[in-house]
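Using our numbering, the first residue of the sequence shown is number 64, and each one after it goes up by one.
A short worksheet on the structure shown next.
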Amino acid sequence: MGTVYITQDDSFIGKTDERLSVKANKQKLLDVPLIKVDGIVVCGRATVSPAVVTELLNRKIPLTFITGTGKYLGRLEPEMTKNIFVRQAQWQAAGESEAALHIVRGFIRGKLKNYRTMLTRNQRKYPELTLQKAMNRLQRAIAPIEKTDKINSLRGLEGAGSAAYFGVFDQLIRVPGFKFTARRRRPPTDPVNAMLSFGYSLLRHDIQSAVNIVGFDPYLGYLHCQQYGRPGLALDLMEEFRPLVVDSMILNGINLRILTPEQFTTEPLSQAVFLSPEGRREFLKLYEQKKQSTFKHPVLRRKCTYQEAFEIQGRLLAKYLMGEIEQYPPLIVR
64 MGTVYITQDD SFIGKTDERL SVKANKQKLL DVPLIKVDGI VVCGRATVSP AVVTELLNRK
124 IPLTFITGTG KYLGRLEPEM TKNIFVRQAQ WQAAGESEAA LHIVRGFIRG KLKNYRTMLT
184 RNQRKYPELT LQKAMNRLQR AIAPIEKTDK INSLRGLEGA GSAAYFGVFD QLIRVPGFKF
244 TARRRRPPTD PVNAMLSFGY SLLRHDIQSA VNIVGFDPYL GYLHCQQYGR PGLALDLMEE
304 FRPLVVDSMI LNGINLRILT PEQFTTEPLS QAVFLSPEGR REFLKLYEQK KQSTFKHPVL
364 RRKCTYQEAF EIQGRLLAKY LMGEIEQYPP LIVR
C-alpha cells in the first residue's frame, strides 16, 4: 500500500491487533495491515492513539502532519539509525569543502537538466510552443556549474535556471481554467501554486524518510544552509525529484482533466487557494501512482520506482561521502 494519506478532519487513527484503522463520524474510513504501511501523512486534523504512536515507532514508520493547504507542520519518527559513520562523513563535508561543492553541483545539475528535459519533451510534442529561449537560458545556467567553486554562486545558477523554467511553465498547461504567472508560496494564491506547494510537502515527507533510513542527519544540508528546524539535506535531495515527480504529475493531472478548477477553494481573508477534500483525494491518488511508476535508473541500469529511487539516491550520496565511489550521480532522466 505504501503511504497512507488521511484527509478527513477530526479522524481517529487507531490500532486493532496488527491492523491500522481510521475512523471519522462513527464510520470506518480505512482498515489496513500495518505491514503494508510505509508512512502516514495527515492532511489536516487527526487524533492518534498512544498504541498507534508506539507501533509506528517500533516499526520505524514516519508520521507526518501537514495542513490542508500543504504547509508542513512536523513529523513523528523513530530514533536515528545506528550508522554513526554516515553522519560523521556528512559532518566532515560541511561548509565549503570540496565534497560539499561536488554534492551541490550534482543537486543543481540534476534539477536543471530535468527541467530542461521537461521543456524539451513538451517542445517536441507541441511544436507551436515557444520554449527554446527558456531552454537556452537553462543551458547557460547549466554550463558553468562544474567550474563554479562557490556554493553561493551555485545557488545563483539554480535561481536563474528555475526562473527560466517557471517563466514558461504556463505554456505546459494545455487546458483552459488554469493559469500560472509566477511561483507563489506563502500563501499560494492560485490552483497551480497550491498544487506545487502541496506536492512538494508530500515529496519532503518521502525524501526525509529515505534520508533517515540511510542514516543521515536530515538537518545538515549543503545547498540549503543550516537553519533551525529545517531539514536541509532532505530539501537538498528533493531538488532533482521536483520536476520528475511533482511537476510532471501535476501537469498530467491538469492536462488529462483529472484535476479541475472546481476542486479548489479560496480562503476569504488571506486569499490562499487550496484543494477541496475531493481535490485532495484525487491529487493524493495521482501522487501515489507517480511514486509507484517505474523507470530505468541511469546508474543501476535496472527498473525501479520513484519511491525506491528516493532511497537509492540517498545511498549513492552516502557512498560518495564515505569514499566508496568517486562521484555523486544525480538522478537525471532523459
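All C-beta atoms, glycine included, are put in the ideal place defined by N, C-alpha and C.
- Around the beta carbon of Glu221, 16 or more other beta carbons sit within 10 angstroms, so the residue counts as buried.
- The residue among Lys242, Pro281, Ser225, Leu379 with its C-alpha nearest the C-alpha of Asp233 is Lys242.
- From the listed residues Pro251, Asn275, Lys354, the smallest Cα separation to Ser333 is found for Pro251.
- Just measuring C-alpha positions, the residue of Ala206, Arg150, Gln195, Val149 sitting nearest Arg168 is Ala206.
- When the Cα atoms are used, Tyr369 and Asn88 turn out to be separated by approximately 35 Å.
- Non-local C-beta neighbours of Asn185 in its own chain, meaning closer than 8 Å and more than five positions away in sequence, comprise Leu192, Leu194, Gln234, Leu235, ordered along the chain.
- Counting only the Cα atoms, Glu374 lies some 28 Å from Ala109.
- The residue among Phe128, Ile321, Ser260, Glu330 with its C-alpha nearest the C-alpha of Asp72 is Phe128.
- Distance from the Cα of Pro125 is smallest, within the candidate group Thr66, Ile313, Phe261, Arg150, for Thr66.
- Around the C-beta of Ile171, 16 or more other C-beta atoms lie within 10 Å, and the residue is accordingly described as buried.
- Out of Gln151, Ala273, Thr130, the CA that lies nearest to the CA of Gly102 is found in Ala273.
- Check the Cα spacing between Arg378 and each of Lys86, Asn146, Leu322, Val396: the tightest is with Asn146.
- By the neighbour-count criterion, in which 16 or more other beta carbons inside 10 Å mark a residue as buried, Ser160 falls on the exposed side.
- Around the beta carbon of Leu136, fewer than 16 other beta carbons lie within 10 angstroms, which makes this residue exposed.
- For Val362, the secondary structure class from DSSP, reduced to helix, strand or coil, is coil.
- Look at the stretch 72-111 and you find these whole runs of beta strand (DSSP E), each 3 residues long or longer: 74-79, 82-87, 90-96, 100-106, 109-111.
- The way I'd put it, the stretch 254-270 doesn't touch the stretch 84-100; fewer than three beta-carbon pairs between them come closer than 8 Å.
- An exposed status is given to Asn199, since fewer than 16 other beta-carbon atoms sit within 10 Å of its beta-carbon.
- Within its own chain, the residues whose Cβ lies closer than 7 Å to the Cβ of Pro393, once the five positions on either side in sequence are excluded, are Gly169, Phe170, Arg172, Gly173, Glu303, listed in chain order.
- Annotation: Arg187 is outside any beta strand (DSSP E); the continuous alpha helix (DSSP H) that includes it extends over 161-188.
- In the DSSP annotation of this structure, Arg246 is not part of any alpha helix (DSSP H), being labelled neither H nor E.
- Judged by DSSP secondary structure, Val336 falls within the beta strand (DSSP E) whose first and last residues are 336-338.
- By the CB criterion at 7 Å, Phe327 and Val336 fall inside the cutoff.
- Excluding its 5 nearest sequence neighbours in each direction, Thr211 has C-beta neighbours in its own chain below 6 Å: Leu217, listed in chain order.
- Inclusion of Pro324 and Gly240 in the CB contact set at 7 Å is warranted, their separation being smaller than that value.
- Inter-segment contact for the stretch 354-370 and the stretch 301-320 is present: three or more beta-carbon pairs are separated by less than 8 Å.
- Collapsing the DSSP output to three states places Val67 in a strand.
- Look at Tyr383 here: in three-state DSSP terms it is helix.
- For Tyr135, DSSP records a beta bridge to Ile129.
- Distance check between Ala227 and each of Gln271, Leu286, Leu283, Leu175 places Leu175 closest, using alpha-carbon atoms only.
- Phe241 has no beta-bridge partner at all, per DSSP.
- For Glu140, same chain residues with a beta-carbon under 7 Å away, outside a window of 5 residues either side, are Pro125, Asn275 in chain order.
- With fewer than 16 other beta carbons inside 10 angstroms of its own, Ser112 counts as exposed.
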